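*Asks:* One structure is given below, represented as structure tokens, and several questions about it will come after.
Number of protein chains: 6
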Amino acid sequence: MYLGNEAWPDLGAYFESESLALVPLGSTEQHGPHLPEGTDHLIAEAFARAAADETGFLCTPTVNVGVSSHHRQFHGTMWVSPPAFRDYVESLARNLTYHGVDRVVFVNAHGGNVPHLREVGRRLREDEVAYAVDWMWDESVPELVDDLFAQNGPHGGPKETAMIQHLAPDLVHDDRLAEARDGGVPSVAEAETIVHGARTFYDAADNTANGVLGDQTDATPAKGEQLFEAATGELVRLCEWLDDQAFADLMPEPHV
Amino acid sequence: MYLGNEAWPDLGAYFESESLALVPLGSTEQHGPHLPEGTDHLIAEAFARAAADETGFLCTPTVNVGVSSHHRQFHGTMWVSPPAFRDYVESLARNLTYHGVDRVVFVNAHGGNVPHLREVGRRLREDEVAYAVDWMWDESVPELVDDLFAQNGPHGGPKETAMIQHLAPDLVHDDRLAEARDGGVPSVAEAETIVHGARTFYDAADNTANGVLGDQTDATPAKGEQLFEAATGELVRLCEWLDDQAFADLMPEPHV
Amino acid sequence: MYLGNEAWPDLGAYFESESLALVPLGSTEQHGPHLPEGTDHLIAEAFARAAADETGFLCTPTVNVGVSSHHRQFHGTMWVSPPAFRDYVESLARNLTYHGVDRVVFVNAHGGNVPHLREVGRRLREDEVAYAVDWMWDESVPELVDDLFAQNGPHGGPKETAMIQHLAPDLVHDDRLAEARDGGVPSVAEAETIVHGARTFYDAADNTANGVLGDQTDATPAKGEQLFEAATGELVRLCEWLDDQAFADLMPEPHV
Amino acid sequence: MYLGNEAWPDLGAYFESESLALVPLGSTEQHGPHLPEGTDHLIAEAFARAAADETGFLCTPTVNVGVSSHHRQFHGTMWVSPPAFRDYVESLARNLTYHGVDRVVFVNAHGGNVPHLREVGRRLREDEVAYAVDWMWDESVPELVDDLFAQNGPHGGPKETAMIQHLAPDLVHDDRLAEARDGGVPSVAEAETIVHGARTFYDAADNTANGVLGDQTDATPAKGEQLFEAATGELVRLCEWLDDQAFADLMPEPHV
Amino acid sequence: MYLGNEAWPDLGAYFESESLALVPLGSTEQHGPHLPEGTDHLIAEAFARAAADETGFLCTPTVNVGVSSHHRQFHGTMWVSPPAFRDYVESLARNLTYHGVDRVVFVNAHGGNVPHLREVGRRLREDEVAYAVDWMWDESVPELVDDLFAQNGPHGGPKETAMIQHLAPDLVHDDRLAEARDGGVPSVAEAETIVHGARTFYDAADNTANGVLGDQTDATPAKGEQLFEAATGELVRLCEWLDDQAFADLMPEPHV
Amino acid sequence: MYLGNEAWPDLGAYFESESLALVPLGSTEQHGPHLPEGTDHLIAEAFARAAADETGFLCTPTVNVGVSSHHRQFHGTMWVSPPAFRDYVESLARNLTYHGVDRVVFVNAHGGNVPHLREVGRRLREDEVAYAVDWMWDESVPELVDDLFAQNGPHGGPKETAMIQHLAPDLVHDDRLAEARDGGVPSVAEAETIVHGARTFYDAADNTANGVLGDQTDATPAKGEQLFEAATGELVRLCEWLDDQAFADLMPEPHV
């Protein structure tokens, strides 16, 4: 069920019996020469909508712009500051509880949002108003990701390429995959971002010329579909697991 | 040109020659028994994308959730607090200037966002980093709106109904138009929200039983199309006017 | 009853039986070549004190500086940022509730304060600690204003001029009324502040050379007195209406 | 020169040749059974206006409500939180610099405002936009205060009583002076607020039954006048001294 | 009992029977040519640990950096802004209440922290979560301080010199005591920081060349020891007094 | 060189020739039944001081309380909120730049601080005032850690146990090592904190009964020493590397 498409009287029954909401969040930021800037929010929305369709849980509209200043040197990257992002997402999630929502799945497709979603989730839980988890598709199927690609590259790499080839093939510049690979960096390790134990890297531009990592030529729409199906299954099961928990069990433990 | 669909190298040319961005903003909130909760952000996005297509100016992804706590009593209304909204939008707009954007059109379809967009716009201008205007489609064609409908009703009324009938007909419950009218309030005046000069009304639920005003049965897809074309034309001309101004002329006057 | 003049033991009886407070708010900002910078706070204070005298309700001291950056290009305009204004007024109003006040009338004479007073009022109400309304004198007697003046001009125009001629005649430069009219702008419409539906105007200096609008020569002390009496009557009736409401009826409606 | 009474064109000459502003600040809070709640802001305004009259420097309208939560247990005390007060005053003072003001005298008559004015003053100075000092009348003539009264009592005591007897005799309940003395506390020392070196006192209600200290029966209008003349003289000389300094000499020293 | 040295199971018994915590706070800032920058936090920690050892009350680790921008012109001074300091200390103290602490002694050795600790303490008390007092050693034994030294000098003077000679003799440059005295200022009075009643001084560098006041040559380790023993005794008695109070008696008085 | 021990004149030479500072940060929080609550700040301080001694770079006093609410259910855990921590650390680091510091090593021994130090570091770098890196000792010698221990356990496990056995043996309850192991969780994997790709764990108490993980019986002082020497070597080399960089090379890349 997609909240944006429903009229309010038709949502009453949902809130009467259910208290879970899927909230898609992504970013609008450079994803190399071959992928669209909307990659992350397109992926987040696709997963959240698919899991909502399959389970009947409610999916909200998408937060399209996240914490991406580390990609700002590349044309078109949009971003908000971490405090602005946290406050916006916290306010949005906290207000959902007015309708009875008490568990939220942040279906997030942008790594830069993660610590901020954790911080928001913690506040909601410590206030005992809601339990929120953040979920990233690729972390739900790590073995499959590793099986499919030799050089994953966390940003703009073959796994994201395959995903957009599957979800929005018109938005992939298939003729630039080799260029993406050759102008980028094969792996995080080769980016040499760790100096004597310290992560010295702040921006994508610090270690890649075109903003991406991995071997994009290894991506295919079929791999994207396989990943999408597998990870959607994980998200569906996460929702079902969450729905099965007693609210009290999701809340903080008491003091020892 | 829609930013979310472009790869970063393809945006370089735009920022080299242009400095305007259209930013759609709406809300996700009840719009009566007949319209979807996404009404406002759907409308905002449609106008911004249409004007961008026609002019070649850049359109960003949409801010889908705005300042709507006054609709919260109806199932599904989402909202963020005014400070969270202002900070998110200001951060988003201010960061666009990193790429050279210095004029922003907030294509907004939700009245509750207006004072906050004004406040953000003022800050950007007083800091002399960008000039932002907020634009609402119905205020650009007031005579046409008045000509087409006898009872406009500012929220969920016939003008918004017609617009969604045109843009997303599947999302309108055409069989509930009479119910929307009969269960709501004909006009703001009849809602009796002014007591001895003071606006005593805070929430939609204070004066309407179903959240909407006006005579929805007066809406047709053809009226929606007519309005859409007319207002898109205004938005196009606004962009062209804004693009023609010298940046210095958009900045604050000096002290007398 | 004026709070500033009372010793604390003499206020105990009031708070025992009453829970309403009038809080005057204005601005200190340019009002053209003919009116004093204190115009708005002088007017607000006069109305609040008069209504308090007539009804016995409590009037607090005045907030003299408001949100006026849009008049800053003219010598002497004082202002605070919107967040500073909101926080100051919210703190002041919220703390009144400690003494039992649960309904507040913001007697406001400056348009620039309005959205901020609304935002504060909404927070107080959503927290269910108090119900606040903002009242502007000219909006309580719109027909009379229209009857008395041909060219109202919202800022520094004949209605404000007549009001100060009545309240503080020594502070009006009567010999500059024609200059005020001729150096300003006849009406908002003629200021051409709307471009294709967007309000492109941020500052008074954007469209007036001397900061004011309307035909000031149309003002007389008698008209000022007539307006003052009429609007004070409205304010008195607003206070009485508010006092008559049950607190629960002033609070937000429950979720549908 | 009082800013609130002037029209903007008449202030141009002042800002051309002068850069000093007097800003009166007080509180609205209980001052015992005999004095009005407005005591502090009445005193602050009287001094600032008198010094402005004598010197020609500019005086602004008054900030009437300050940091007074420590008097809240007594009917009618108004207050704002420290952050709200600081932000309001900082914004007000910082914006004065837009007109060329670069030195500000906070003419303050409420002890509870002092650390906050110091904090604001420090920020203005460290940013090198203005130099602000806070001035309290009784600290400018400490010997005279000690000469005139045996039991000063810092709050609502004879010095404040005498001052209001001089400035606004109608607002003093002269028939309650003995009651004020007998129901209060003779001196800070007798209030026993220090325990083993720690100030354990937070609120006036912690150690006084009626909110005041000292021997109020020792006050006379003549003493009030004497104090007013003497302290006004000090304020005048402070303004002249400040006006004589080079701006650079008022700014922070460089790093050693 | 020092919290930092204990394993969590060993703290359970303490929180079961006691609810008091000593929190040492100081600064890291210039203390003249003869004393270490850590002077204030070394002193605070020494007192808090000694009183905890003597009484069995709990002492937490030390807050080492405080509000010291007024010493910034001298090499090495560290500081945080007042809001950052207040929020950090408030958060730290408020969270102690989770374990049952409801009375806190801020053992503070830096004057610049005082108004901020008061503000934090007030918030904790007004929220009725804890009662906090701030204690400075030299204010607990004022007569002894006066007896021991002719020229106290509040910052880097003989009392602080003697204290470090006692607590950490290796950190005192005894060969620079005369230089400290001769290059500094004998007393606050001679620093001439008051102009017509206004404190015109913001930074130590405004009136001292080497950052310190008083006659440092008057300090001896024996005097330091005498002061330490005497003031520790006061702190011990303060803790015992505080422990003896009923919590309700420490909370704010009700409205009169 | 340890800043806290130096008098200001002796720091002048350092700042003339060097611009690097080591800032130790830790936490005060439960570390199981066998380790002291100060574990993390003791470790951080030891590393920072050792590297400063070896290289001559400047080490500041320690921030002893960090972001640890996830350990709050165990007696004695202290914490500050994430915003309070970030603001305190940012203010502290930013103000170091006043003395010429433009590169900072956050020597951090608490994982919960990491995302916040990254956020602070990013702000400093984007403002181009300083370059800060955060360093954790165990991440600098990952192979050695893996070689020495079979069950590392990230919190309170054998690596931290060995470290405190080396640095402060008196503070380790060696007789509780088996109890620590048996009452805790062997590894993160066995804590089963990931559900279908989502990290469902917020607090240590969610999945451990005594707050710790790993096999503590595997720890020895000798292993602690070996780790300390190896990791100190890495920190020394990090400082030297950082010192060798041109400041411009540490700043953000320009827009492509």
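Chains as they are written, first to last, in the numbering used here: chain A, 1 to 256; chain B, 1001 to 1256; chain C, 2001 to 2256; chain D, 3001 to 3256; chain E, 4001 to 4256; chain F, 5001 to 5256.
Note that beta-carbon positions come from the ideal geometry of N, C-alpha and C, so glycine has one too.
These numbers come from a predicted model, not from an experiment.
If we call anything under 7 Å between Cβ atoms a contact, is residue 24 of chain A one with residue 62 of chain A?
*Replies:* Yes.
*Asks:* Return no unless some Cβ of chain A is closer than 7 Å to the Cβ of residue 5079 of chain F.
*Replies:* With 7 Å as the cut-off, residue 5079 of chain F does not count as an interface residue toward chain A.
*Asks:* As a quick exercise: from E:4086, E:4102 and E:4078, pick the residue whose alpha carbon is nearest that of residue 5098 of chain F.
*Replies:* Selected option, being the one with the closest Cα: E:4078.
*Asks:* Under 6 Å Cβ to Cβ from residue 4214 of chain E, same chain only, skipping five residues before and after it: list those, please.
*Replies:* Excluding sequence neighbours, residue 4214 of chain E sits near 4151, 4152, 4153, 4157 and 4158.
*Asks:* Of all the options E:4236, E:4161, E:4136 and E:4131, which has the alpha carbon lying nearest to the alpha carbon of residue 4248 of chain E?
*Replies:* The residue with the shortest Cα to Cα distance from residue 4248 of chain E is E:4131.
*Asks:* Evaluate residue 1127 of chain B with the Cβ neighbour count: other Cβ atoms within 10 Å of its Cβ, from every protein chain shown; 16 or more gives buried, anything less gives exposed.
*Replies:* Counting Cβ neighbours within 10 Å, residue 1127 of chain B comes out exposed, since fewer than 16 surround it.
*Asks:* Between the region 163-172 of chain A and the region 5086-5097 of chain F, can you find at least three pairs of beta-carbon atoms closer than 8 Å?
*Replies:* They do not touch, by the three-pair rule.
*Asks:* In three-state terms, what does DSSP make of residue 5181 of chain F?
*Replies:* Helix, per DSSP.
*Asks:* Just to confirm my understanding: we take residue 1173 of chain B, look at its own chain, exclude 5 residues before and 5 after, and list those with CB closer than 7 Å. What are they?
*Replies:* Cβ neighbours of residue 1173 of chain B beyond the five flanking positions: 1033 and 1034.
*Asks:* Does residue 5074 of chain F get closer than 7 Å to chain A when you measure Cβ to Cβ?
*Replies:* Yes, residue 5074 of chain F lies at the interface with chain A (some Cβ there is under 7 Å from its Cβ).
*Asks:* Would DSSP call residue 2083 of chain C helix, strand or coil?
*Replies:* Helix, per DSSP.
*Asks:* Give the secondary structure of residue 1260 of chain B by DSSP, where H, G and I count as helix, E and B as strand, and everything else as coil.
*Replies:* One cannot answer for residue 1260 of chain B here, as it falls past the ends of chain B, which runs 1001 to 1256.
*Asks:* Can you tell me whether DSSP reads residue 5168 of chain F as helix, strand or coil?
*Replies:* Coil, per DSSP.
*Asks:* List the residues that DSSP assigns as beta-bridge partners of residue 4059 of chain E.
*Replies:* Note: residue 4059 of chain E sits in a beta bridge opposite E:4002 and E:4022.
*Asks:* Using a Cβ distance threshold of 8 Å, determine whether the region 5129-5145 of chain F contacts the region 189-204 of chain A, with at least three qualifying pairs required.
*Replies:* Touching, per the Cβ criterion.
*Asks:* With C-beta atoms as the reference, is residue 1085 of chain B less than 7 Å away from residue 1067 of chain B?
*Replies:* In this structure, residue 1067 of chain B lies closer than 7 Å to residue 1085 of chain B by Cβ.
*Asks:* How do the region 5179-5187 of chain F and the region 4010-4024 of chain E stand: do at least 3 beta-carbon pairs fall below 8 Å, yes or no?
*Replies:* Touching, no.
*Asks:* Report the neighbours of residue 2091 of chain C on chain D: residues whose CB is nearer than 7 Å to its CB, in chain order.
*Replies:* Correct list: 3080, 3081 and 3084.
*Asks:* Cβ atoms of residue 5253 of chain F and residue 226 of chain A: under 7 Å apart, would you say?
*Replies:* No, these two residues do not count as a Cβ contact at 7 Å.
*Asks:* Compute the minimum distance between the beta carbon of residue 5202 of chain F and the heavy atoms of the ligand MN, and state whether it is under 6 Å.
*Replies:* Judged by which ligands are present, the structure shown has none, so any question about the ligand MN falls away.
*Asks:* Scan the region 3083-3164 of chain D and note each continuous beta strand (DSSP E) run of 3 residues or more that stays entirely inside, going in chain order.
*Replies:* 3103-3108 and 3131-3135, all fully within the region 3083-3164 of chain D.
*Asks:* Pick out whichever of C:2056, C:2047, C:2060 and C:2087 has its Cα sitting closest to the Cα of residue 3028 of chain D.
*Replies:* Looking at the Cα atoms, C:2060 is the closest of the given residues.
*Asks:* Smallest Cα separation from residue 190 of chain A: which of A:240, A:203, A:208 and A:178?
*Replies:* The shortest Cα separation from residue 190 of chain A among A:240, A:203, A:208 and A:178 belongs to A:208.
*Asks:* Say whether chain A places a C-beta atom closer than 7 Å to the C-beta of residue 1196 of chain B.
*Replies:* Answer no: the Cβ-Cβ gap between residue 1196 of chain B and chain A never drops below 7 Å.
*Asks:* Thinking C-alpha only, which one of C:2255, C:2246, C:2239 and C:2250 is nearest residue 1960 of chain C?
*Replies:* Residue 1960 of chain C lies beyond the range of chain C shown here (2001 to 2256); nothing can be said about it.
*Asks:* Please report how far the alpha carbon of residue 15 of chain A lies from the alpha carbon of residue 1039 of chain B, in whole angstroms.
*Replies:* Taking the straight line from one Cα to the other gives about 21 Å.
*Asks:* For residue 3031 of chain D, name the three-state secondary structure that DSSP assigns.
*Replies:* Note: residue 3031 of chain D maps to strand in three-state DSSP.
*Asks:* If contacts are defined as beta-carbon pairs under 8 Å, then residue 4058 of chain E and residue 4003 of chain E qualify, I think. What distance do you get, rounded to the angstrom?
*Replies:* Between residue 4003 of chain E and residue 4058 of chain E the Cβ distance is about 6 Å, and since that is below 8 Å, they are a contact.
*Asks:* Which whole-angstrom value is the C-beta distance of residue 5005 of chain F and residue 4036 of chain E, which I expect to be below 8 Å?
*Replies:* Their Cβ separation, rounded to whole angstroms, is 5 Å, which keeps residue 5005 of chain F and residue 4036 of chain E in contact under 8 Å.
*Asks:* I want to verify the contact list: residues of chain D whose CB lies under 9 Å from the CB of residue 4134 of chain E, in sequence order.
*Replies:* Under the 9 Å cutoff, chain D gives 3198 and 3199.
*Asks:* For the region 2218-2244 of chain C, which segments carrying the beta strand (DSSP E) assignment without a break, of at least 3 residues, lie completely within its bounds, in sequence order?
*Replies:* For the region 2218-2244 of chain C, not a single whole beta strand (DSSP E) run of length 3 or above is found.
*Asks:* How long is the line joining the alpha carbons of residue 1941 of chain C and residue 3219 of chain D, rounded to whole angstroms?
*Replies:* There is no way to answer for residue 1941 of chain C, as the model of chain C reaches only from 2001 to 2256.
*Asks:* If we count the other Cβ atoms within 10 Å of its Cβ and call it buried at 16 or more, is residue 4169 of chain E buried or exposed?
*Replies:* That one is exposed.
*Asks:* Please report the straight-line C-alpha distance between residue 4148 of chain E and residue 4229 of chain E, rounded to a whole angstrom.
*Replies:* When rounded, the distance between both Cα atoms is 14 Å.
*Asks:* Is there at least one Cβ from chain D nearer than 7 Å to residue 2156 of chain C's Cβ?
*Replies:* Not one chain D Cβ lies under 7 Å of residue 2156 of chain C.
*Asks:* Note down, in chain order, each residue of its chain lying with its Cβ closer than 8 Å to the Cβ of residue 4187 of chain E, except the 5 sequence neighbours on either side.
*Replies:* So the list reads 4151, 4152, 4153, 4213 and 4214, once near-sequence residues are dropped.
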